[in-house]
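Participant: All residue numbers for the sequence shown refer to this note's numbering, where the first residue is 281 and numbers rise by one. For glycine and all other residues, C-beta sits at the position ideal for the given N, C-alpha and C. Because the structure is a prediction, the values reported are computed rather than measured. This is the structure I have questions about; it appears just below.
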Amino acid sequence: MESFADFVNEKSYISPSPINHYKSVKYSKLQHHQDGGNDGSDDDEDDLREERFEKVALIDDDSGDNLRDSAGSGDVFTVESAVEAIGFGYFQIRLYIVCGLFTAADALEMMLLAVLSPALRCEWQLDHFHVAFLTTVVFCGMCIMAPVWGFLGDKYGRQTTLYIVTVWIGYFGLLTTFSPSFIWILILRGMVGAGLAGSPQSFALMTEFLPSNSRAKMLQIGGVAWALGTAFEISMASLVIPSLGWRWLVAFSAIPSFLICVLLKLLPESARYLVAAGEKDKALSVLQKAAKLNKSNLPSGRLVSSHIGRRGNFSDLLSLEYRRTSLQMWFMWFVTAFSYYGMVLASAEILQVNNSDGEVKGADNCKCNLLKADDYVTILLSTFGEFIALPLNLMLIDRIGRRYTGAVNSFGMAIFFIILQIKMPKSMLTVIMFMVRGFSQGLFNFVYIYTAEVYPTTIRTLGIGTASAWARVGAMLTPFVAQVLLDKSLTSAVWVYGSLGILAALCAVFLPIETKGRILPQSLQ
Numbered sequence: 281m282e283s284f285a286d287f288v289n290e291k292s293y294i295s296p297s298p299i300n301h302y303k304s305v306k307y308s309k310l311q312h313h314q315d316g317g318n319d320g321s322d323d324d325e326d327d328l329r330e331e332r333f334e335k336v337a338l339i340d341d342d343s344g345d346n347l348r349d350s351a352g353s354g355d356v357f358t359v360e361s362a363v364e365a366i367g368f369g370y371f372q373i374r375l376y377i378v379c380g381l382f383t384a385a386d387a388l389e390m391m392l393l394a395v396l397s398p399a400l401r402c403e404w405q406l407d408h409f410h411v412a413f414l415t416t417v418v419f420c421g422m423c424i425m426a427p428v429w430g431f432l433g434d435k436y437g438r439q440t441t442l443y444i445v446t447v448w449i450g451y452f453g454l455l456t457t458f459s460p461s462f463i464w465i466l467i468l469r470g471m472v473g474a475g476l477a478g479s480p481q482s483f484a485l486m487t488e489f490l491p492s493n494s495r496a497k498m499l500q501i502g503g504v505a506w507a508l509g510t511a512f513e514i515s516m517a518s519l520v521i522p523s524l525g526w527r528w529l530v531a532f533s534a535i536p537s538f539l540i541c542v543l544l545k546l547l548p549e550s551a552r553y554l555v556a557a558g559e560k561d562k563a564l565s566v567l568q569k570a571a572k573l574n575k576s577n578l579p580s581g582r583l584v585s586s587h588i589g590r591r592g593n594f595s596d597l598l599s600l601e602y603r604r605t606s607l608q609m610w611f612m613w614f615v616t617a618f619s620y621y622g623m624v625l626a627s628a629e630i631l632q633v634n635n636s637d638g639e640v641k642g643a644d645n646c647k648c649n650l651l652k653a654d655d656y657v658t659i660l661l662s663t664f665g666e667f668i669a670l671p672l673n674l675m676l677i678d679r680i681g682r683r684y685t686g687a688v689n690s691f692g693m694a695i696f697f698i699i700l701q702i703k704m705p706k707s708m709l710t711v712i713m714f715m716v717r718g719f720s721q722g723l724f725n726f727v728y729i730y731t732a733e734v735y736p737t738t739i740r741t742l743g744i745g746t747a748s749a750w751a752r753v754g755a756m757l758t759p760f761v762a763q764v765l766l767d768k769s770l771t772s773a774v775w776v777y778g779s780l781g782i783l784a785a786l787c788a789v790f791l792p793i794e795t796k797g798r799i800l801p802q803s804l805q
């Protein structure tokens, strides 16, 4: 594992220390004298420069922070070294619990799409196109707002943005309960989707407090919260829809967001963000509390800022350093969401086709076939497939690296998608759906972790938000494959997913930056 000391000496990440530069100047001057020197004019200039280094503090170009005090004896540390020194402990566990509950609450709203469609189709006599558009409008809201939330997170803080997002999701989710018509369902679910676009804020916050040696493992375990949320939603739907109806399910799904809003008080603002925003005193206070909870100590000296550039600047995503990474990751996010939500939606569709008892595919009717008890069991069992991503990625991500882990998940997802075209009994179908859900969830874990690690603090949530917007484009389009095309040709639909999965696997292998063991960058250099 690459240490922090090794990292800061790499020219590709951080420019050489002014102290080291000073030493190199001294050495060069000595060599110059030994080699005969010149008329002394250059020596005089070097003497003046040395005097400035010895008598005046070394100043960081942007932040104005002293890297050494005037006496030359003061120790300093950055937020990066502080996070490494604090290590992993109770502070991160508390973060994981709160962020995990936030993720689970989001999963309730997202998984609602899979079980709400059959009920609305029957109540309002909807055709496949309308059902597909119900899903698309949610992701349309997410696509529009994802970069906005990312910009706000980098500009005004992760915690502040999370408060707004949580209230937004709960408010519009609860209003959906009272929808008088299909049009109102579309409007309100679109607003819920706009709020869900801010979910990556919690992931970024968690990432920025994790030391490098435990970051990948903990972020992988974070996927358990999503899987538990989706499983809980399916279980609740199987009980609520047959007895109370879909409106009560929508209401129950919205309530957790309001409860999470209270728990957000336990989340501190990101110390990395505070330093980037120039609020070092607040950042130091957060780090001191974290060290106290973990029963560890901060490095000696005082907190300084590393080189800080502009925050929330979109053009940085397409800078020479990150252009190729951004373009490839946007494609991978597109495929990930397209495939994951495609399987979520296709699960109910495939089961409904099985329940139609000889009904002609593509016929002009509403196909009002409510999910049966064993259908809910099948969806629930396939949902548990998301848990297989945890041990697989934990085993691979720090051994073969991020890029190859992403390729394994993408290729596995593609293969099992293609197998779905084979006619098989429901038990075998459940197993294949289980594997698709597992690999697609593993791919989601990969894109979140890699994107959070590869971008610097100044554009981290913007980077995740923009990539997430491309994911929502994929999610907007997938209903027309998983619900419309699949109704006409299962083979055509699964080959669309399989082909994109294979392309995404190749894209993962050729990502330009491997983030395994890499300290989170603070800004563009």
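Quick check: Gly453 and Val428, are their CB atoms within less than 7 Å of each other?
Facilitator: Counting from one through the sequence shown, the residue named residue 453 turns up at place 173. Counting from one through the sequence shown, the residue named residue 428 turns up at place 148. Not closer than 7 Å, so no.
Participant: Which residue from Val764, Gly692, Thr605, Ser772 puts its Cα closest to that of Pro736?
Facilitator: Locating residue 736 in the sequence shown gives position 456, counting from the first residue. Closest option to Pro736, Cα to Cα, is Thr605.
Participant: Are the beta-carbon atoms belonging to Gly478 and Gly421 less than 7 Å from one another?
Facilitator: Within the sequence shown, residue 478 is the residue found at index 198, counting from 1. Within the sequence shown, residue 421 is the residue found at index 141, counting from 1. Against a cut-off of 7 Å, the Cβ pair of Gly421 and Gly478 comes out as no contact.
Participant: For my contact list, Thr741 and Pro522 are in at a C-beta cut-off of 8 Å; report their separation, rounded to the angstrom.
Facilitator: Mapped onto the sequence shown, residue 741 falls at position 461. Mapped onto the sequence shown, residue 522 falls at position 242. At roughly 41 Å, the Cβ-Cβ gap does not stay under 8 Å, so Thr741 and Pro522 are not in contact.
Participant: Taking Gly743 and Phe719 to be in contact with their CB atoms under 8 Å, please state how far apart those CB atoms are, rounded to whole angstroms.
Facilitator: Here residue 743 is taken as the residue at index 463 of the sequence shown, counted from 1. Here residue 719 is taken as the residue at index 439 of the sequence shown, counted from 1. 24 Å between Cβ atoms; not a contact.
Participant: Distance check for Ile540 and Gly525, CA to CA, integer angstroms please.
Facilitator: In the sequence shown, residue 525 corresponds to position 245, counting from 1. In the sequence shown, residue 540 corresponds to position 260, counting from 1. So the alpha carbons of these two residues sit roughly 25 Å apart.
Participant: Quick one: Cα of Asn493 to Cα of Gly797, how far?
Facilitator: For the purposes of this step, residue 493 is identified with residue 213 of the sequence shown, where counting begins at 1. For the purposes of this step, residue 797 is identified with residue 517 of the sequence shown, where counting begins at 1. So the two alpha carbons sit approximately 7 Å from each other.
Participant: Does the beta-carbon distance from Gly665 to Asn689 come in below 7 Å?
Facilitator: Numbered from its first residue, the sequence shown carries residue 665 at position 385. Numbered from its first residue, the sequence shown carries residue 689 at position 409. No, they are not a contact pair.
Participant: According to the Cβ coordinates, are Ser537 and Ile444 closer than 7 Å?
Facilitator: Locating residue 537 in the sequence shown gives position 257, where the first residue counts as 1. Locating residue 444 in the sequence shown gives position 164, where the first residue counts as 1. Not in contact: Ser537 and Ile444 (Cβ atoms no closer than 7 Å).
Participant: So, with DSSP's three-state summary, where would you put Val789?
Facilitator: Position 509 of the sequence shown, counted from the start, is the residue given in the question as residue 789. Helix, per DSSP.
Participant: So is Arg679 buried or exposed if we call it buried at 16+ other beta carbons inside 10 Å?
Facilitator: Position 399 of the sequence shown, counted from the start, is the residue given in the question as residue 679. By the 10 Å Cβ count, Arg679 comes out exposed.
Participant: In angstroms with no decimal places, state the Cα-to-Cα distance between Gly317 and Gly581.
Facilitator: One-based indexing of the sequence shown puts residue 317 at position 37. One-based indexing of the sequence shown puts residue 581 at position 301. Unreliable placement is indicated for Gly317, whose pLDDT of 42 sits below 50; no coordinate value is reported for it.
Participant: Suppose you measure from the CA of Leu490 to the CA of Thr738; what does that come to, to the nearest Å?
Facilitator: Walking along the sequence shown from the start, residue 490 turns up at place 210. Walking along the sequence shown from the start, residue 738 turns up at place 458. Going from the Cα of Leu490 to the Cα of Thr738 covers about 17 Å.
Participant: Write down every uninterrupted run of the alpha helix (DSSP H) in the segment 664-710 whose length is 4 residues or greater and which is fully enclosed by it, in chain order.
Facilitator: Within the segment 664-710, the complete alpha helix (DSSP H) runs of at least 4 residues are 669-676, 682-699.
Participant: In whole angstroms, what is the alpha-carbon distance linking Val566 and Ser515?
Facilitator: Walking along the sequence shown from the start, residue 566 turns up at place 286. Walking along the sequence shown from the start, residue 515 turns up at place 235. C-alpha separation (whole angstroms): 39 Å.
Participant: Please report the straight-line C-alpha distance between Lys545 and Leu442, rounded to a whole angstrom.
Facilitator: By one-based count along the sequence shown, residue 545 stands at place 265. By one-based count along the sequence shown, residue 442 stands at place 162. Cα to Cα, Lys545 sits roughly 11 Å from Leu442.
Participant: Might you give, ordered along the chain, the residues of its own chain that have their beta carbon closer than 6 Å to the beta carbon of Val624, omitting 5 neighbours on each side?
Facilitator: Along the sequence shown, read from residue 1 onward, the residue named residue 624 stands at position 344. So the list reads Ala394, once near-sequence residues are dropped.
Participant: Quick one: give me the first and last residue of the alpha helix (DSSP H) that Glu794 is part of.
Facilitator: Start at 1 with the first residue of the sequence shown, and residue 794 comes out as number 514. First-last for Glu794: undefined, no H or E at that position.
Participant: Looking at the structure shown, is Val356 part of a helix, part of a strand, or coil, going by DSSP?
Facilitator: If you number the sequence shown from 1, residue 356 lands on position 76. DSSP places Val356 in strand when its eight states are reduced to three.
Participant: Leaving out five residues before and five after Arg374 in sequence, what residues of the same chain have Cβ atoms less than 8 Å from its Cβ?
Facilitator: Position 94 of the sequence shown holds residue 374. Cβ within range, chain order: Leu546, Leu573.
Participant: Go ahead and pull the three-state DSSP assignment for Ser803.
Facilitator: Here residue 803 corresponds to residue number 523 of the sequence shown, with the count starting at 1. Ser803 falls in the coil class under three-state DSSP.
Participant: Count the CB pairs spanning the segment 499-510 and the segment 407-414 that are closer than 8 Å, and state whether there are at least three.
Facilitator: With the cut-off at 8 Å, the segment 499-510 and the segment 407-414 do not touch.
Participant: Looking at C-alpha atoms only, which residue of Pro801, Lys435, Thr731, Gly745 is the closest neighbour of Arg682?
Facilitator: Taking the sequence shown and counting its residues from 1, the one referred to as residue 682 is at position 402. Of the candidates Pro801, Lys435, Thr731, Gly745, the one whose C-alpha sits nearest the C-alpha of Arg682 is Thr731.
Participant: Nearest by alpha-carbon distance to Asp655: which of Ile377, Thr710, Arg717 is it?
Facilitator: Taking the first residue of the sequence shown as 1, we reach residue 655 at position 375. With distances taken between Cα atoms, Asp655 lies closest to Thr710.
Participant: Quick check on the DSSP output: the alpha helix (DSSP H) that includes Asp407 runs from which residue to which?
Facilitator: Residue 407 sits at position 127 when you count from the first residue of the sequence shown. Run containing Asp407: none; DSSP gives neither H nor E here.
Participant: Please classify Tyr307 as buried or exposed, where buried requires at least 16 neighbouring CB atoms within 10 angstroms.
Facilitator: Along the sequence shown, one-based indexing puts residue 307 at 27. Caution applies to Tyr307, whose pLDDT of 36 falls short of 50 and renders its modelled position unreliable; the value that the coordinates give is listed next. Exposed.
Participant: Work out the CA separation of Thr771 and Leu543 for me, nearest whole Å.
Facilitator: On the sequence shown, position 263 is the one that residue 543 refers to. On the sequence shown, position 491 is the one that residue 771 refers to. Rounded to whole angstroms, Leu543 to Thr771 spans 46 Å at the Cα level.
Participant: Can you tell me whether DSSP reads Leu765 as helix, strand or coil?
Facilitator: By 1-based counting over the sequence shown, the position of residue 765 is 485. Reduced to three states, the DSSP call for Leu765 is helix.
Participant: DSSP on Leu524, reduced to helix/strand/coil?
Facilitator: The sequence position of residue 524 within the sequence shown is 244, counting from 1. Coil at Leu524, not helix or strand.
Participant: Indicate the three-state DSSP secondary structure (helix, strand or coil) for Leu583 in the structure shown.
Facilitator: Locating residue 583 in the sequence shown gives position 303, where the first residue counts as 1. If DSSP states are grouped into helix, strand and coil, Leu583 belongs with the strands.
Participant: Leaving aside the five residues before and after Thr795 along the sequence, list all residues of the same chain whose C-beta is less than 7 Å from its C-beta, in chain order.
Facilitator: As a first step, residue 795 must be located in the sequence shown, where it is residue number 515. Within the same chain, Thr795 has close Cβ partners Arg682, Tyr730, Glu733, Val734.
Participant: Taking the alpha helix (DSSP H) that Ala477 belongs to, which residues open and close that run?
Facilitator: Reading the sequence shown from its first residue, position 197 is the one you call residue 477. It is not in any alpha helix (DSSP H) - Ala477 carries neither H nor E in the DSSP assignment.
Participant: Use the C-beta contact count for Glu488: other C-beta atoms within 10 angstroms, 16 or more gives buried, fewer gives exposed.
Facilitator: The count along the sequence shown starts at 1 and reaches residue 488 at position 208. It is buried - the Cβ of Glu488 has at least 16 other Cβ atoms within 10 Å.
Participant: Run the CB neighbour count on Leu529, radius 10 Å, all protein chains shown included, and call it buried at 16 or more, exposed below.
Facilitator: Within the sequence shown, numbered from 1, the residue matching residue 529 stands at position 249. When all chains shown are included, Leu529 counts as buried.
Participant: Does the Cβ of Trp404 have 16 or more other Cβ atoms within 10 Å, making it buried, or fewer, making it exposed?
Facilitator: In the sequence shown, residue 404 corresponds to position 124, counting from 1. Looking at its Cβ environment, which holds fewer than 16 other Cβ atoms inside 10 Å, Trp404 is exposed.
Participant: Quick one: grab the DSSP three-state call for Asn574.
Facilitator: Start at 1 with the first residue of the sequence shown, and residue 574 comes out as number 294. The answer is coil: DSSP assigns Asn574 none of H, G, I, E or B.
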